[in-house]
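Notes for the one structure printed next.
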Amino acid sequence: ERAEVAPGAVHVPDWLDPGRQRALLDACREWARPPAGLRTVRTPGGGTMTARQVCLGWHWYPYAYARTVVDGDGSPVKPFPGWLGELGRRAVTDALGPPAAAAPPYDIALINFYDGDARMGMHRDGDEQADAPVVSLSLGDTCVFRFGNTGTRAKPYTDVELRSGDLFVFGGPSRLAYHGVPRVRPGTAPAWLGLAGRLNITLRVSGL
Ligand code: MD3
Ligand code: FE
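If you read the sequence shown in full-length UniProt numbering, its first letter stands for residue 9, the second for the next number, and so on.
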């Protein structure tokens, strides 16, 4: 099924079948290894993100993109694989319908690893130079995903549970909306996946 949570914000539960979830998890575990592997993100204000992250294609650091891990081991960022771009195009078409015009290729993946205590505060994703939809894929433990407003970080919110295999696409008027992850539900991952915790993969177009 397909649920439009706000204009341009579409949730497709159970979009990835078990075989594809396992394959994507295996790929994420490879990408997490050094060099240019999983790292802790530190914000300019002295804060630390509780979800750890690895990037493909372009390296995100607060609040810009680079081609090397400027805030980590300094290595070149891992390449963004063509098959992941194809997955992104299919995701957008399944959620929003076929594009009206030729769409630019996905060239960034940001992969967030959450343990039971990890959270993500309310924020907007404004560091990309393109307005293409963001594709989000969830693996492992269920989380509470909080979707807010474009003009303010404040209420009202819509809370949605994201489960292993779910797709969420954020385009059009929802592209710059505030959003966050107030909690993860430990121990809720499907047993066959073999993952303790939660992974979220976002696919983006850099416009760079
Ligand atoms: C709405 N990640 O990586 S996924 C992020 O679960 C991020 O790790 C969360 O927020 C996570 O920036 C939420 C859903 C999501 C991702 C990107 C968005 C929602 C979005 C970009 C624009 C609007
Ligand atoms: Fe975000």
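The C-beta atom is built at its ideal place from N, Cα and C for all residues, glycine as well.
Assignment of Gln137 by DSSP, reduced to helix, strand and coil, places it in the coil class. Its Cα nearest to that of Ala44, the residue Trp68 stands out among Arg30, Asp22 and Trp68. Cα atoms of Ala72 and Arg28: separation of roughly 31 angstroms, rounded to the nearest angstrom. For Gly129, the enclosing beta strand (DSSP E) has its first and last residue at Met128 to His131. Taking the C-beta atoms as reference points, Leu175 is found nearer than 8 angstroms to Trp23.
Per DSSP, the beta bridge partners of Lys86 are Leu64. For ligand 1, no non-hydrogen atom lies closer than 7 angstroms to the CB of Leu33. Its Cα nearest to that of Asn208, the residue Ala35 stands out among Gly54, Lys86, Ala35 and Pro113. Of Ile116, Ser214, Ala74 and Val100, the smallest CA-CA separation from Pro84 is found for Ala74. The Cβ atoms of Val177 and Ala109 do not sit closer than 8 angstroms to each other.
Taking a C-beta distance under 8 angstroms as the contact criterion, Val77 and Gln61 do not qualify as a contact pair.
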